[in-house]
Ligand SMILES: Nc1ncnc2c1ncn2[C@@H]1O[C@H](COP(=O)(O)OP(=O)(O)OP(=O)(O)O)[C@@H](O)[C@H]1O
Ligand SMILES: [Mg+2]
């Protein structure tokens, strides 16, 4: 009798141990899934210009409700080319020229909403950005796509999505998307 009780208690303890382990494991898995779901970092590889439309499609699908995108990358990395593809994917019909002389170019997407494309390469100082209405654009709630954001880094909105484009030795482009919020 005593044996069977203690054996029963042992079984009970063993089951409790397994249940506890299972709970800890499940809890960890759920946390991991949530983290994966919440994390919006991604990487897109573009092997050649023919693939850029597909890459832009992936990028647009992941934009969600985020509006401000800062594109980092060396000169010639492919920022304008990728932004052009993204705009086409968003339904922009007008020809997009690199805003070489204008700091900001405005396009209209497929739903009639404005998209602002900035190139800060020639900006002289932050005051110049403020004077051209930078804050009105970036806090307008419309999509803003920026080249050379490092030149206005200190006034980038906290929730700006950081996109880095790198040209690899074989000419492929790697697009890394990192959002801190
Ligand atoms: N994904 C790609 N595959 C192959 N070639 C590309 C790709 N993206 C851009 N290029 C080519 O690289 C060159 C430079 O591209 P782009 O003007 O977009 O660079 P950028 O990063 O905007 O440069 P800048 O800093 O001068 O504004 C162009 O000739 C373009 O055709
Ligand atoms: Mg450019």
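Residue numbers (the numbering used here): 1 to 181. The beta carbon of each residue, even a glycine, is placed where N, CA and C say it ideally should be.
Quick one: using the 10 Å Cβ neighbour count with 16 as the cut-off for buried, is residue i buried or exposed?
{"i": "residue 122", "result": "exposed"}
{"i": "residue 67", "result": "buried"}
{"i": "residue 78", "result": "buried"}
{"i": "residue 161", "result": "buried"}
{"i": "residue 49", "result": "exposed"}
{"i": "residue 168", "result": "exposed"}
{"i": "residue 135", "result": "exposed"}
{"i": "residue 180", "result": "exposed"}
{"i": "residue 36", "result": "Because residue 36 carries a pLDDT of 31, less than 50, the predicted location of this residue cannot be relied on, and no value is offered for it."}
{"i": "residue 130", "result": "exposed"}
{"i": "residue 75", "result": "exposed"}
{"i": "residue 105", "result": "buried"}
Please check the pair residue i and residue j, which I expect to be a contact at CB under 8 angstroms, by giving their CB distance rounded to whole angstroms.
{"i": "residue 91", "j": "residue 111", "result": "7 angstroms"}
{"i": "residue 42", "j": "residue 62", "result": "6 angstroms"}
{"i": "residue 107", "j": "residue 87", "result": "6 angstroms"}
{"i": "residue 120", "j": "residue 144", "result": "Between residue 144 and residue 120 the Cβ distance is about 12 angstroms, and since that is not below 8 angstroms, they are no contact."}
{"i": "residue 46", "j": "residue 172", "result": "6 angstroms"}
What I want to know is whether the C-beta of residue i ends up closer than 7 angstroms to one or more non-hydrogen atoms of ligand 1.
{"i": "residue 169", "result": "no"}
{"i": "residue 63", "result": "no"}
{"i": "residue 200", "result": "Because the chain in this structure spans residues 1 to 181, residue 200 falls outside the shown range and cannot be described."}
{"i": "residue 122", "result": "no"}
For residue i, verify whether its CB is less than 7 angstroms away from any heavy atom of ligand 2.
{"i": "residue 216", "result": "Outside the displayed span of the chain (1 to 181) sits residue 216, for which this structure offers no information."}
{"i": "residue 79", "result": "yes"}
{"i": "residue 166", "result": "no"}
{"i": "residue 119", "result": "yes"}
State yes or no: is the C-beta of residue i within less than 8 angstroms of the C-beta of residue j?
{"i": "residue 126", "j": "residue 103", "result": "no"}
{"i": "residue 157", "j": "residue 138", "result": "yes"}
{"i": "residue 70", "j": "residue 149", "result": "yes"}
{"i": "residue 165", "j": "residue 59", "result": "no"}
May I ask whether a heavy atom of ligand 4 can be found less than 7 angstroms away from the beta carbon of residue i?
{"i": "residue 159", "result": "Judged by which ligands are present, ligand 4 is missing from the structure shown, whose ligands are ligand 1 and ligand 2."}
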